[in-house]
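Residue numbers (the working numbering): 107 to 216.
Each residue gets a CB set at the ideal place from its N, CA and C atoms; glycine is no exception.
Keep in mind the model is a prediction, meaning the values are calculated, not measured.
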């Protein structure tokens, strides 16, 4: 059994939003909550390794661009395939996968 170093409190709301996924509006809300999770971890995690902190910060950075890409795609102003995703749910799945992988690596319970 893994020993968790930190518990992300914003993860509760993230799990609730994930359970409601299916629309582009929910995709945006999930990415916004994911950003809150990253911010909480970056601010409160007991960092012993600056490389890990830098990795988390750099992974969280593109979330605003992702949100903007989904909005532009839904408004017909941009093609989300330009970013390498078939649709918004694929983008959200990729970002969630990155997030949970990082959390496992640094021992953050979500």
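Whole-angstrom C-beta distance between residue j and residue i, which should lie under 8 Å
i	j	result
residue 262	residue 140	Any answer about residue 262 is impossible in this case: the structure gives the chain only from 107 up to 216.
residue 214	residue 118	Between residue 118 and residue 214 the Cβ distance is about 13 Å, and since that is not below 8 Å, they are no contact.
residue 130	residue 172	That pair is no contact at about 12 Å.
Outcome for residue i when other beta-carbon atoms lying within 10 angstroms are tallied against a minimum of 16
i	result
residue 157	exposed
residue 163	exposed
residue 212	buried
residue 181	exposed
residue 144	buried
Residue i, DSSP secondary structure in three states
i	result
residue 215	strand
residue 150	helix
residue 126	coil
residue 142	helix
residue 205	helix
residue 183	coil
residue 131	helix
Residue(s) in a DSSP beta bridge with residue i
i	result
residue 113	215
Chain D within 8 Å of residue i, Cβ atoms only
i	result
residue 110	The question asks about chain D, but that chain is absent: this structure has only one protein chain.
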